[in-house]
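Numbering (my numbering), first residue to last: 1 to 337.
Below you'll find the structure, written out as structure tokens, and then a few comments.
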């Protein structure tokens, strides 16, 4: 069986598109560093120009394309499949070359655990080892859902094939509706991963700061666990901020408390944004605004990892890179919408 061949005229890369893959996933699976972030149509990081051949678009209304992009005839590699051999023009860079190439596999749901009123941990197991880096995500193919959903792992890579996801229920969200209402232990789904750029950099010599909001808890917990496992916190500190809407949304402390060094080299700082947080005696306001107040050193001296709602990640990005001149290579996040 022959598969469509995709040629990127910008750098000469050639790769095959296997059944079920988008152009983006085909590139990454082949070790080609096509630019991307969310892999799900929201960020616009994988825009490309079609030079020759035919494609199909899976989500024509994907928000990652603006009106100007549509007028110019641009496309999203994560939402397009080649219908035959095609030639494209797409941005690539070494930083996008996957450190671990994504693999498709079947995963069985083994357990569910409530974290808050709308946040649950879903545990899946695959036959092969769970290979990923702390902070990465996977694409889940759920029964009755027409497109893959991206969710981050909260655990660490392991030989047992354990994949844990901490997922917040989204009102009217088809993916979380299935997860929260339709899946039982033993249900089998498709899992494709790992993906993502915000993985833990063990060689970075600076103290770490993790900032999480909502289900952004998962990759940040994974980063904290990975830093502990790698011995990074024997010589460095980790400050973990969690931004919540209300006191009932605050979570994560018990997971960090199980790590050696909690309360000393690992510090947990929850922040509640609701101005009428009844009974809350901790910090209030937007979580990104607390960093400069709570961290003892200039922000440019830290290594940052963050995940959460788009307004939070956008505010953090602008504050760190623009207001505090934190070098770009010290800021790690994946945008989701």
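All C-beta atoms in this analysis are idealised placements derived from N, C-alpha and C, irrespective of residue type, glycine included.
Residue 203 is bridged by DSSP to nothing; it lacks a bridge partner.
With a minimum length of 4 residues, the unbroken runs of alpha helix (DSSP H) contained wholly in the segment 192 to 267 fall at 217 to 229, 253 to 257. Residues 156, 199, 200, 222, 223, 225, 226 of the same chain have their beta carbon placed closer than 7 Å to that of residue 134, with the five preceding and five following residues left out of the count. Scanning 298, 56, 68 for the CA closest to the CA of residue 85 turns up 56. Closest option to residue 234, judged by alpha-carbon separation, among 217, 241, 208: 208. Contiguous beta strand (DSSP E) elements confined to the segment 100 to 158 occur at 103 to 114, 119 to 126, 137 to 141, 149 to 152, taking only those with 3 or more residues.
Here the segment 19 to 35 lies against the segment 72 to 81, with 3 or more beta-carbon pairs under 8 Å apart. Listed as beta-bridge partners of residue 287 by DSSP are no residues whatsoever. Between residue 18 and residue 102, the C-beta spacing is not below 8 Å. About 6 Å separates the beta carbon of residue 139 from that of residue 193, a gap short enough to meet the 8 Å contact definition. One Cα belongs to residue 116, the other to residue 249, and the distance between them is close to 6 Å.
If you compare the alpha carbons of 146, 251, 316, 283 with that of residue 299, the shortest gap goes to 316.
The alpha-carbon separation between residue 312 and residue 244 amounts to approximately 11 Å. For residue 175, the secondary structure class from DSSP, reduced to helix, strand or coil, is helix. Residue 239 and residue 295 do touch by the CB rule: their CB atoms are close to 6 Å apart, below 8 Å. Going by beta carbons, residue 231 and residue 307 fall outside the 8 Å limit.
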